[in-house]
Amino acid sequence: MVSKILDKLPLRTVLIVPFILQIVGGVGLVGYLSFRNGQKAVNNLASQLMSEVSLRVEQNLQVYLTTPHQINQTKLDAVKLGLLKMENLSAWDKYLWRQVQLYPYINFTSVGNKHGDYRCGQQLSNGSRMINVIDPSTGFNFNSYNTNALGDRTTITTLAKNYDHRQHPAYQKAVKVGKPTWSSVFVSLLEPTLLISAIQPVYSYKNQLEGVLFAALRLDHLGRFLNSLKVGKSGQTFIIDRQGTLLATSTTEKPFRTKGNERQLFKVEESSNPFTQATAKYLTAKFKKLDQIKKSELLSFDIDDKRQFLKVLPFQDGKGLDWLIVVVVPEADFTKEIDANTRTAILLCFAALGVAVAIGILTSQWVTNPILSLNIAAKNIAKGEWDKTVESERSDELGELAKSFNSMAQQLQQSFETLEQRVQERTAELAVAKDKAEVANQAKSTFLANMSHELRSPLNAILGFSQLMTRSQTLSPEDQENISIISSSGEHLLTLINNVLDLSKIESGRTTLNSKKLDLFRLLNDLEDMFQIKADDKHLQLVFERSPEVPQYVETDDLKLRQILINLLNNSLKFTDEGSVAVRVSKQSLGRNQQAEGGFFYPSEVSNDTEISAINGIKISQFSPSNNPIIATKNDDSASTSSFFLHFEVEDTGPGIATNELDDLFEPFVQTKTGKDSQEGTGLGLPISRKFVELMGGEMSVCSAVGKGTNFKFDIQVIAVEATDIESPKPSRNVIALVPNQQTYRILIVDDKPLNRQLLIKILSPLGFELKEATNGQEAIEICDSWEPHLIWMDMRMPVMDGYEATQYIKGTIKGQATPIIALTASVLEEERAVILSAGCDAFMRKPFREADIFDAMHKHIGVRYIYEDADQTDLSAIKEGDRAMSATDFVNLPDSLVADLKLAILNADMELINTLIEQIRLKDAVTAGAIATCIENFEYDKVLNLISEAISHE
């Protein structure tokens with residue numbers, strides 16, 4: 006592997022790279038080891054520094070927070086010794102005043118008894134001291150007294166009236182806890198500082214509550230202490246409680262916010278210091294809740310891609326205090342010198358690299374320049390520049406190589422000139438052959454397109470008029486049978502034309518899959534019904550079998566699957582005289598002879614025209630499928646679960662196929678001996694079926710034995726779908742009239758073939774449409790300008806002006822833009838659809854068409870609504886008098902003019918006018934029209950006249 010890679014590298018690279026790798030490797034390794042050692046030293050130093058700082062903070066806190074409780078204890082001792090009384094607090098004034106003087110970081114020390122009396126010694130940061138009193142003498146108002154140097158009261162200020170200190174949260178907490186504890190942190194009303202009170206309840210010897218002792222600690226002194234600590238160059242220390250409230254910080258930020266006249270605590274995540282805020286957010290993100298920090302944590306995180314060291318130390322004093330000491334130091338405070346050394350190492354590395362590259366280039370040039378000259382000369386010769394030779398004055402090995410190269414170049418020049426002449430001759434021959442093939446292919450395509458148009462146009466008239474005649478009620482059974490033969494023969498001819506065109510499209514590679522969600526069971530049932538009569542006529546047993554695991558609803562090209570099965574069943578029933586024909590369907594997993602790769606499924610490769618012996622001695626011929634992969638589905642999640650293969654078999658007990666005929670079985674226009682003897686078929690069904698199977702991602706094989714029968718097998722890839730995805734088939738119903746009270750629709754029929762125009766007129770005229778004809782595009786334009794039709798049926802191939810040009814002209818006018826134009830064409834090429842729609846047509850319909858398609862298109866584009874024949878009842882014109890009792894009321898509901906004209910026509914025995922009036926009545930009341938027609942056919946004229954007279958008398 007290494008030798009293959011080295012062989013592909015230029016010689017100059019091979020000479021230069023080792024020098025570079027040695028220098029870069031040595032310097033890089035040294036720099037890396039230096040960097041790693043520096044990082045380790047930084048981590049150790051940061052850990053030691055933060056541990057030392059956090060330990061100092063912890064020790065200071067222990068001392069700082071012990072003092073308030075000691076003050077309360079001295080007061081409690083004085084009470085226990087009887088020096089001070091809880092019932093009478095007047096003696097406490099000087100005592101509390103002296104206590105607050107001894108401790109500068111104590112804001113106040115106080116006592117309150119159970120009767121509501123209260124005494125407090127308070128000291129502000131400016132040194133002034135006050136005595137606060139609540140007792141009966143103040144009317145239980147909160148009075149604050151300024152004091153002189155001896156602690157005597159001077160001026161008085163009333164702070165609050167009717168103040169009950171027993172309702173204060175700190176008093177109630179002390180009573181609830183029943184032992185020394187702490188109040189919540191709060192903001193001083195008089196000074197910009199946070200306070201926390203040490204509180205202790207006082208009980209008598211009988212364990213009766215006598216009052217509570219207070220000692221309030223100033224937390225701003227704690228902030229000054231944190232600020233005095235030097236944590237690196239830009240490190241910080243702050244203290245928070247378990248709820249994340251900032252209590253003290255080493256920065257200049259105040260641990261409270263002022264909103265109006267009110268000071269409020271805030272969360273550390275809301276800090277105005279970005280460093281403090283980022284640290285708090287990291288802690289919250291890592292631990293979710295701060296009360297989950299149970300022990301000292303040494304962490305690191307990034308702020309703006311810069312590493313920060315973090316130490317978190319829980320602090321608890323045993324009296325309800327539960328805080329977190331946070332120390333954070335940027336890594337950059339320790340790495341300045343290391344970064345400088347790293348930069349120096351990198352510069353040295355680049356310098357060494359430059360020297361190595363320079364030495365490598367000089368060495369490689371000395372070695373490779375002669376070789377490069379040979380390379381350039383070889384390339385020039387490859388370009389055909391035979392006069393370019395190698396000039397070398399060297400007498401060493403490279404000089405000898407240059408002489409040999411020049412000699413070889415001369416020999417190559419002579420050989421190339423001879424070869425070039427031969428290639429030019431062969432190229433000219435191939436160009437002529439290619440032109441002939443292209444001309445033949447174009448002629449073939451043109452011939453097929455013209456033949457398709459010329460054949461399908463008369464077929465349109467044959468099949469169309471056959472449909473119209475089958476609806477007639479006056480034809481005899483023999484005529485009905487003749488019409489049926491004409492229709493079936495026309496359909497057969499249409500199938501043959503489609504087969505030829507399908508084969509042409511397959512050969513040109515223009516056949517595509519048109520997948521559709523379908524009910525597989527319904528398709529199989531329809532095929533069984535279709536071929537059951539044919540099987541019964543030949544006294545054959547027709548069997549359709551499907552395994553239980555076959556899904557009912559799948560997605561595939563239903564038209565191609567139907568055509569494959571029809572071709573195979575037609576062959577089996579055609580050549581089988583006794584026994585049975587069986588169709589079997591089973592489900593196979595994706596892995597059967599298949600390999601899935603990235604959502605594509607490739608059928609197994611089987612060599613062409615191979616024969617495999619089966620168990621019963623029958624020879625099997627298998628054919629390799631197309632190499633085109635079939636995409637399972639656009640949804641990767643469902644590809645492995647909903648995609649699978651369906652396996653089909655069509656087996657018969659017919660004469661079988663000889664072994665020597667299997668090789669040519671799927672060749673176009675080739676028939677077996679049995680097929681030739683039958684003098685039926687074209688030899689196209691099997692080639693088309695095989696190509697369709699390959700297009701659907703499967704393969705087709707056949708096994709047969711003479712005198713035993715034939716079994717065709719094929720697989721296709723499908724996707725399972727839900728029942729809700731299947732469109733319900735629309736029932737086939739005949740249109741008998743238009744829904745009343747619609748406008749009279751003007752329809753223009755444009756076609757150069759009179760039969761095609763006559764067919765559309767026969768279909769549309771009985772329903773009351775107003776029709777006009779045009780034989781070319783120029784006439785269509787003139788009629789559109791004057792008549793303004795609601796819809797145009799446009800043939801695309803016409804003399805004078807074709808449908809494309811006419812459509813573009815009409816759609817270019819303001820009126821024409823609102824007129825739907827539906828193209829009628831005998832072309833079956835898919836690319837023709839795009840050309841027609843791009844010309845401006847609103848829809849596309851191929852000939853031969855069915856009248857149901859005509860009616861559906863008109864409903865879609867101009868909203869025509871129809872009355873359909875009820876499929877469950879007989880034709881209205883065949884209803885007998887006993888089945889439908891016609892009354893005078895039926896004529897009362899008809900327009901008077903129609904009734905009067907009908908009466909006159911009957912009296913004059915004008916049958917043509919009678920039939921015209923019956924058709925007009927059918928538009929109003931189809932049932933009554935049918936009953937009148939029955940009476941006329943049975944010569945019951947008097948009955949109709951009597952009912953008309955009775956209706957007139959009722960009016």
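Counting in my numbering, the sequence shown runs from 6 upward without gaps.
Using N, Cα and C, we set each Cβ at its ideal position, and we do this for glycine too.
Identify the residues that DSSP records as bridge partners of residue 161: which are they?
In the DSSP output, where bridge partners are listed per residue, residue 161 has 150.
Classify residue 240 as buried or exposed, calling it buried when 16 or more other Cβ atoms lie within 10 Å of its own Cβ.
The residue is buried, with at least 16 neighbouring Cβ atoms inside 10 Å.
For residue 828, the three-state DSSP class (helix, strand or coil):
Strand.
For residue 965, count neighbouring Cβ atoms within 10 angstroms of its own Cβ and tell me buried if that reaches 16, exposed if not.
Any question about residue 965 goes unanswered here, given that the chain covers just 6 to 960.
Span separating the alpha-carbon of residue 424 from that of residue 410
Roughly 21 Å separates the two Cα atoms.
Would residue 105 be called buried (16 or more neighbouring beta carbons within 10 Å of its own) or exposed?
With at least 16 other beta carbons inside 10 angstroms of its own, residue 105 counts as buried.
Using three-state DSSP, classify residue 67 as helix, strand or coil.
Here DSSP, grouped into helix, strand and coil, assigns residue 67 to helix.
On the three-state DSSP scale, how would you describe residue 586?
In the structure shown, residue 586 adopts extended strand secondary structure according to DSSP, grouped into three states.
So what's residue 523 in DSSP terms, helix, strand or just coil?
Assignment of residue 523 by DSSP, reduced to helix, strand and coil, places it in the strand class.
For residue 351, does the three-state DSSP call read helix, strand or coil?
The answer is helix: DSSP assigns residue 351 an H, G or I state.
Take residue 552 and list the residues in its own chain whose beta-carbon comes closer than 6 Å to its own, dropping the five residues that flank it on each side.
Cβ within range, chain order: 591.
Thinking C-beta only, is residue 121 closer than 9 Å to residue 136?
Against a cut-off of 9 Å, the Cβ pair of residue 121 and residue 136 comes out as no contact.
Residue range of the unbroken beta strand (DSSP E) whose run includes residue 262:
Residue 262 -> beta strand (DSSP E) spans 262–264.
In this structure, does DSSP put residue 722 in helix, strand or coil?
Taken through DSSP and simplified to helix, strand or coil, residue 722 comes out as strand.
Between residue 222 and residue 110, which are expected to be in contact by the criterion C-beta below 8 Å, what is the C-beta distance as a whole number of angstroms?
7 Å between Cβ atoms; contact.
What does a CB cutoff of less than 7 Å around residue 966 pick up in its chain, not counting 5 residues either side in sequence?
As displayed, the chain neither begins before 6 nor continues past 960, which places residue 966 out of reach and without an answer.
Would you kindly work out how many angstroms separate the C-alpha atoms of residue 124 and residue 183, rounded to a whole number?
Across the structure, residue 124 and residue 183 are spaced so that their CA atoms are roughly 21 Å apart.
Can you give, in chain order, each stretch of the alpha helix (DSSP H) that sits fully within the segment 252–338 and has at least 4 residues?
Taking only runs of at least 4 residues, the alpha helix (DSSP H) segments lying wholly in the segment 252–338 are 279–292.
According to the Cβ coordinates, are residue 794 and residue 753 closer than 9 Å?
Against a cut-off of 9 Å, the Cβ pair of residue 753 and residue 794 comes out as a contact.
Would you mind giving the Cβ-Cβ distance between residue 557 and residue 525, rounded to the nearest angstrom? I have them listed as a contact below 8 Å.
Residue 557 to residue 525, Cβ: 6 Å. Contact.
Short CB-CB distance (under 9 Å) between residue 339 and chain C
The structure shown has no chain C; it contains just one protein chain.
Using the Cα positions of residue 382 and residue 376, report the straight-line distance between them to the nearest angstrom.
Residue 382 and residue 376: Cα-Cα distance of roughly 10 Å.
Assign residue 55 to buried or exposed, taking buried as 16 or more other Cβ atoms, counted over all protein chains shown, within 10 Å of its Cβ.
For residue 55, the number of other beta carbons within 10 angstroms of its own is at least 16, and it is reported as buried.
Find the nearest neighbour of residue 338 within the set 350, 313, 346 and 357, judged by alpha-carbon distance.
When each option's Cα is compared against that of residue 338, the closest is 313.
What separation, rounded to the nearest whole angstrom, lies between the Cα atoms of residue 69 and residue 59?
Residue 69 and residue 59: Cα-Cα distance of roughly 15 Å.
Judging by CA-CA distance, which residue of 233, 282 and 51 is the nearest neighbour of residue 250?
Cα-wise, what sits closest to residue 250 is 282.
Helix, strand or coil: which one does DSSP assign to residue 368?
Residue 368 falls in the helix class under three-state DSSP.
At which residues does the alpha helix (DSSP H) containing residue 894 begin and terminate?
For residue 894, the enclosing alpha helix (DSSP H) starts and ends at 893–897.
Note the first and the last residue of the continuous beta strand (DSSP E) segment covering residue 654.
Where residue 654 is concerned, the enclosing beta strand (DSSP E) stretches over 648–657.
Please report how far the alpha carbon of residue 112 lies from the alpha carbon of residue 128, in whole angstroms.
Rounded to the nearest angstrom, the two C-alpha atoms are 5 Å apart.
Is it right to say residue 155 is buried, meaning 16 or more other beta carbons lie within 10 angstroms of its own, or is it exposed?
Residue 155 comes out exposed.
Under DSSP, the alpha helix (DSSP H) around residue 928 begins and ends at which residues?
Note, residue 928: alpha helix (DSSP H), 916–929.
Would DSSP call residue 949 helix, strand or coil?
Under the three-state reduction of DSSP output, residue 949 falls in the helix class.
Is residue 112 helix, strand or coil by DSSP?
In this structure, DSSP gives residue 112 an extended state, which the three-state scheme calls strand.
Beta carbon of residue 859, beta carbon of residue 769: below 9 Å?
Judged by their CB atoms, residue 859 and residue 769 are nearer to each other than the 9 Å cut-off.
Quick one, which of 528, 225 and 408 has its alpha-carbon nearest residue 559's?
Ranking the options by Cα distance to residue 559, first place goes to 528.
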